[in-house]
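Q:
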Amino acid sequence: MRLFLLALLAKEPAHGYELKQALEQIFGSAYPSPNIGQIYVTLGRLEKDGLVRAVDVEQSNRPNKKVYYLTAAGREALDAWADEPTEGPRVRDEFFMKLVLAPMTGVADRMALINRQRRHYLSIMRDLNGLAERTAPEDRVALLLIEGAMLHLQADLDWLERCQEDLS
Amino acid sequence: MRADPVVTTVNLVKIYQNGGVPVPAVRGVDLRVERGEFVAIMGPSGSGKSTLIHMLGGLDPRTSGEIWLDGKRADTLGESAWALLRRKKIGFVFQFFNLVANMTVADNVELPALLAGASPREARERRERLLDALGLTGCADAAPAQLAGGEQQRVALARALANRPSLLLADEPTGNLDSRNTRDVLKLLGEVHRDGQTIIMVTHDARVASLADRVVSLLDGQIVDDGAVAAPRRRPRGTAGDVVELRG
Chain A
22 MRLFLLALLA KEPAHGYELK QALEQIFGSA YPSPNIGQIY VTLGRLEKDG
72 LVRAVDVEQS NRPNKKVYYL TAAGREALDA WADEPTEGPR VRDEFFMKLV
122 LAPMTGVADR MALINRQRRH YLSIMRDLNG LAERTAPEDR VALLLIEGAM
172 LHLQADLDWL ERCQEDLS
Chain B
31 MRADPVVTTV NLVKIYQNGG VPVPAVRGVD LRVERGEFVA IMGPSGSGKS
81 TLIHMLGGLD PRTSGEIWLD GKRADTLGES AWALLRRKKI GFVFQFFNLV
131 ANMTVADNVE LPALLAGASP REARERRERL LDALGLTGCA DAAPAQLAGG
181 EQQRVALARA LANRPSLLLA DEPTGNLDSR NTRDVLKLLG EVHRDGQTII
231 MVTHDARVAS LADRVVSLLD GQIVDDGAVA APRRRPRGTA GDVVELRG
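As you go down the protein sequences, you meet chains A and B in turn. FYI, in the numbering used here the residues of the first sequence are 22 to 189. FYI, in the numbering used here the residues of the second sequence are 31 to 278.
#1: In chain A, what lies closer than 9 Å to Val245/B by C-beta?
#2: Run through DSSP, which three-state label would Pro150/B get?
#3: State yes or no: is the beta carbon of Gly257/B nearer than 8 Å to at least one beta carbon in chain A?
#4: Please tell me whether Leu61/B has its Cβ less than 8 Å away from any Cβ of chain A.
#5: How about Leu42/B and Val53/B: do their beta carbons lie closer than 8 Å?
#6: Please check if any C-beta of chain B sits within less than 8 Å of the C-beta of Met118/A.
#7: Run through chain A and tell me which residues come within less than 8 Å of Val37/B, C-beta to C-beta.
#8: Report the rounded CA-to-CA distance for Glu115/A versus Leu143/A, giving the unit in angstroms.
#9: Does the distance from the CB of Gly37/A to the CB of Leu72/A come in under 8 Å?
#10: Quick one: which chain A residues come within Cβ less than 7 Å of Arg284/B?
#11: The beta strand (DSSP E) with Asp77/A in it runs from where to where?
#12: In chain order, what residues of the same chain have a beta carbon less than 8 Å from the beta carbon of Leu249/B, not counting five sequence neighbours either side?
#13: In the structure shown, what three-state DSSP assignment does Thr269/B receive?
#14: Please report whether the beta-carbon of Glu168/A lies at a distance below 8 Å from any beta-carbon of chain B.
#15: Decide if the stretch 127-140 of chain B is in contact with the stretch 174-181 of chain B; the criterion is three or more beta carbon pairs, one per stretch, under 8 Å apart.
#16: Does the distance from the C-beta atom of Ile120/B to that of Gly87/B stay below 8 Å?
#17: Do you know whose CA, among Arg151/B, Glu158/B, Arg210/B, lies nearest Gly180/B's CA?
#18: Buried or exposed for Asn319/B, going by 16 or more other Cβ atoms inside 10 Å?
#19: Could you give the DSSP three-state label for Ser81/A: helix, strand or coil?
#20: Could you say which of Lys118/B, Asp34/B, Leu187/B, Ala261/B lies nearest to Gly151/A if we only look at CA atoms?
#21: Can you find at least 3 beta carbon pairs, one from the stretch 131-140 of chain A and one from the stretch 221-228 of chain B, that sit closer than 8 Å?
#22: Any chance the stretch 136-151 of chain B sits against the stretch 216-223 of chain B, with 3 or more Cβ pairs inside 8 Å?
#23: CA-CA distance, Ala186/B and Ile253/B?
#24: Just the Cα atoms here: how many angstroms apart are Arg139/A and Ala113/B?
#25: Quick check on the DSSP output: what are the complete beta strand (DSSP E) runs of length 3 or more inside the stretch 60-136 of chain B, in order along the chain?
#26: Using CA atoms only, rank isn't needed, just tell me which of Arg111/A, Pro158/A, Met22/A is closest to Gly58/A.
#27: So, helix, strand or coil for Gly278/B, using DSSP?
#28: Chain B partners of Leu165/A, CB-CB under 7 Å?
#29: Closest to Ala31/A by C-alpha separation, out of Val78/A, Trp102/A, Lys86/A, Val62/A, would be which residue?
#30: Confirm, please, whether the CB-CB distance from Leu61/B to Val246/B is below 8 Å.
#31: Quick one: Cα of Gly65/A to Cα of Thr167/B, how far?
#32: Suppose the cutoff is 7 Å on Cβ atoms and the five residues either side in sequence are ignored; what does the same chain contact list for Leu40/A look like?
#33: Residues of chain A with CB closer than 8 Å to the CB of Pro74/B, please, in chain order.
#34: Let me know if Pro84/A comes out buried or exposed under the rule of 16 or more other beta-carbons within 10 Å of its beta-carbon.
#35: Checking contacts by CB at 8 Å: is Leu134/A closer than that to chain B?
#36: For Gly66/B, collect the residues of the same chain with a Cβ closer than 7 Å to its Cβ; drop the 5 residues on either side in sequence, then sort them by chain order.
Here's what the structure looks like:
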């Protein structure tokens with residue numbers, strides 16, 4: 022969240038609610054809508070670290086609002102983030118741990134675990150199909166995010182198949 | 031009385047001979063598919079999926095066991111009787127299209143309907159509708175070889191549906207498609223399924239399998255799981271909401 026907010030503030034100074042709206046607008050319905058409280062907490066931390074600064078702007082009939090802008094240090098942090106490759110997904114799958122450990126302890130049968138998990142993944146996939154269908158074709162960012170989730174899920178299923186071949 | 035299942039197999043077995051060594055591909059499959067069901071068959075490569083579906087279409091003879099189609103015994107039929115049965119009742123989509131090279135796309139799609147006894151006008155209308163649904167109207171007069179792999183695969187699907195088969199068999203029908211073309215194929219499959227088309231499909235693609243009513247999983251030539259894909263769990267009216275959370 023920190024760096025998303027820095028990126029948005031690099032575009033223009035904004036107050037907390039505007040940042041929430043900007044995130045919602047850019048990522049569309051595919052991204053979990055950020056909690057406004059979480060945004061204010063993050064802004065507070067960024068301010069404390071000297072990456073953003075806030076100015077009070079008076080409003081005629083409402084309390085003052087805080088408008089945040091990026092500092093030079095904030096700009097540097099943002100550049101460093103943009104220049105670095107992003108960490109890939111990590112395989113630290115809870116199901117895999119269950120699959121390996123459960124039969125050892127006699128808690129469950131591997132084949133049953135795998136079959137249940139496959140059905141579960143397929144029902145998530147069905148969910149994603151439905152989401153994709155309900156998402157407007159213009160909402161490209163949302164559709165790409167859904168497609169990414171589908172491809173990850175396909176990889177999970179392929180891996181499940183490998184586990185079934187090798188462990189059963 | 032209940033209608034006969036579209037497909038029933040009883041202890042179906044296929045053993046290939048590989049230089050005198052018997053290689054079992056399908057080892058005792060009991061499967062029953064009711065009218066209007068959409069069944070996906072999944073499993074690792076070499077698990078017997080393709081062999082099973084080829085046997086159901088009479089394209090590969092069984093070693094032992096029984097195959098019943100629409101309540102009639104089929105495994106005992108000869109090659110020509112199978113050909114007749116396929117023409118009337120079965121649409122088959124292969125992994126590698128198998129389109130007739132020296133016929134146009136339009137003729138490839140119309141042929142099965144004409145062979146099954148449709149009038150030229152019916153065949154043409156059906157062809158136009160199917161090609162349109164798959165975004166292929168512009169390709170009607172092309173030769174198959176002029177099309178990209180994904181386009182040929184969609185033509186093959188249109189052809190398989192042309193004679194309104196009582197059973198659609200498909201072997202990895204989206205294996206050669208990019209995601210946009212896959213979406214067109216999924217949409218058409220969903221539509222014909224809603225209209226009552228019975229579908230048995232071997233697929234590796236979870237997007238396709240998740241549309242099925244039922245997923246049959248094979249391992250080493252045997253069914254290890256057979257059950258419904260659960261309906262979506264939440265937010266019937268939701269937006270794309272939280273894909274990231276969904277994946278969580």
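Just so it is clear, CB atoms sit at the ideal spot from N, CA and C, and this is done for glycine as well.
A: In brief:
#1: Arg139, Arg140, Leu143
#2: helix
#3: yes
#4: no
#5: no
#6: no
#7: Here the premise fails: no neighbours, minimum Cβ distance about 21 Å.
#8: 18 Å
#9: no
#10: The displayed coordinates of chain B run from 31 to 278. Any statement about residue 284/B would go beyond what the structure contains.
#11: 73-78
#12: Within the same chain, Leu249/B has close Cβ partners Gly73, Pro74, Ser77.
#13: Only weak support exists for where Thr269/B lies, its pLDDT of 47 falling under 50; the value from the coordinates is given anyway. In the structure shown, Thr269/B sits in coil (DSSP, three-state: anything other than H, G, I, E or B).
#14: yes
#15: yes
#16: Yes, these two residues count as a Cβ contact at 8 Å.
#17: Arg210/B
#18: Nothing about residue 319/B can be read from this structure; chain B reaches only from 31 to 278.
#19: coil
#20: Ala261/B
#21: Too few Cβ pairs lie closer than 8 Å, so no.
#22: no
#23: 28 Å
#24: 36 Å
#25: Every beta strand (DSSP E) stretch that sits fully inside the stretch 60-136 of chain B and reaches 3 residues is listed by chain position as 68-72, 94-99, 120-123.
#26: Met22/A
#27: Because Gly278/B sits at a pLDDT of 37, beneath the cut-off of 50, its placement in the model cannot be relied upon, and the point is left open.
#28: Those do not exist, as Leu165/A stays about 10 Å from chain B at its closest Cβ, beyond 7 Å.
#29: Trp102/A
#30: yes
#31: Roughly 58 Å separates the two Cα atoms.
#32: Leu26, Leu29, Ile60
#33: Glu182, Arg183, Gln185, Glu186, listed in chain order.
#34: exposed
#35: Leu134/A does not count as touching chain B.
#36: Gly226, Thr228
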